[in-house]
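All residue numbers for the sequence shown refer to the numbering used here, where the first residue is 1268 and numbers rise by one. All C-beta atoms, glycine included, are put in the ideal place defined by N, C-alpha and C. Everything below concerns the one structure shown next.
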Amino acid sequence: MMMVTEVPLNEELLGWDNETFQPDDPDVEDMDMDEQLMFIALFVIFAKLYTDFEHKTVDYVLEKFPDAVTKAGKKLAETSKTELTKIVEEHRVSILKEFNIHEKVIPKVKLDLDLKPTLNTLSLSAKATINQLKDDVATKAASFKAGMGEPKDFNLKANFNRAIRRTKNFVKFNAQFAKQKVKRAAQKMRYGRNMLYYWVVAGRRTCEKCYAKARLPPRPMDKWEYDHPNGHCELVPEKDNATKEYQSYLEESQKYADISLI
């Protein structure tokens, strides 16, 4: 995922901006519940860092913030990976249940799922966010130290708001792609690797690019790109096939279902 660096405005560097930062009020609008939980877990890290430096002097920030934000960055990376792994497993269980596989059989189901590229993108996203926060705060503190702003105007609100926006963005981006990968891996297990798929649009708000793909003939799953972030299009199999592997999971699931009826 490409992380574009935002350039601080002069008003921000001088402390003239009117931004506010609420360390106890994360904005989870336009996020799925699992994305919200991941975002909040990361927001807490930023909130703690912000409150630790909210009322500190320029000299204190110049001396202490670099080490503090580096430690926060390590925690951000670790927590990001943990939370995304949770999302993947929960989505895996949910999809396999939709495929009528019993919850006691689900741990035995093997999916061809490689999350390393996604986790690497997630790690780079967290690192880029922390690096910009570190550099922006250093720049702002240095400008105030040089007398370019009045001490009473010094604050880190805009810097943390920017970091939070970037974090919300990379949470949604990586979570949504990870869930698509899980869904596709489950479909391969159920329908087979040679199944052809149609691109089915989500509804009236679908973009022209997705409408164009929906008009194409069916193709193998790996020939379809992933849906873009915030998209809701799906790959629908050409026919309702069932692999031997999937049938074996269904048969074992039926045994548990029969037991529950006794």
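Cα separation between residue i and residue j?
| i | j | result |
| --- | --- | --- |
| E1350 | N1367 | 26 Å |
| S1527 | S1520 | Caution applies to S1527, whose pLDDT of 49 falls short of 50 and renders its modelled position unreliable; the model cannot decide the point. |
| S1515 | D1379 | 17 Å |
| K1506 | E1518 | 21 Å |
| F1310 | M1456 | 36 Å |
| L1423 | K1377 | 47 Å |
| A1445 | G1416 | 44 Å |
| K1401 | Y1464 | 46 Å |
| D1334 | T1287 | 24 Å |
| K1323 | Q1399 | 20 Å |
| A1344 | S1392 | 9 Å |
| A1395 | C1500 | 29 Å |
| T1352 | F1332 | 30 Å |
Does chain C have any CB closer than 8 Å to the CB of residue i?
| i | result |
| --- | --- |
| N1441 | The question asks about chain C, but that chain is absent: this structure has only one protein chain. |
Just checking my contact of residue i with residue j at CB under 8 Å: how many whole Å lie between their CB atoms?
| i | j | result |
| --- | --- | --- |
| V1503 | V1449 | The Cβ separation is near 17 Å, so there is no contact. |
| P1290 | A1314 | 4 Å |
Keeping to the same chain, check which residues put their C-beta closer than 6 Å to that of residue i; ignore five residues upstream and five downstream.
| i | result |
| --- | --- |
| A1408 | V1325, V1328, L1329 |
| T1510 | G1459 |
Could you name the residues of the same chain whose beta carbon sits closer than 7 Å to that of residue i, not counting the 5 residues immediately before and after it, in chain order?
| i | result |
| --- | --- |
| E1512 | M1456 |
| E1302 | V1438, K1439, A1442 |
Does the beta-carbon of residue i have 16 or more other beta-carbons within 10 angstroms, so that it is buried, or is it exposed?
| i | result |
| --- | --- |
| E1296 | exposed |
| Y1458 | buried |
| K1480 | buried |
| G1340 | buried |
| M1305 | buried |
| M1300 | exposed |
Closer than 8 Å by C-beta to residue i: which residues in its own chain qualify, once you throw out the five before and the five after it? Chain order, please.
| i | result |
| --- | --- |
| K1364 | E1370, I1373 |
| A1524 | H1369 |
Next item on the list: Let me know the alpha helix (DSSP H) ranges lying completely inside the segment 1435-1497, each 4 residues or longer, listed in chain order.
Entry: 1475-1481
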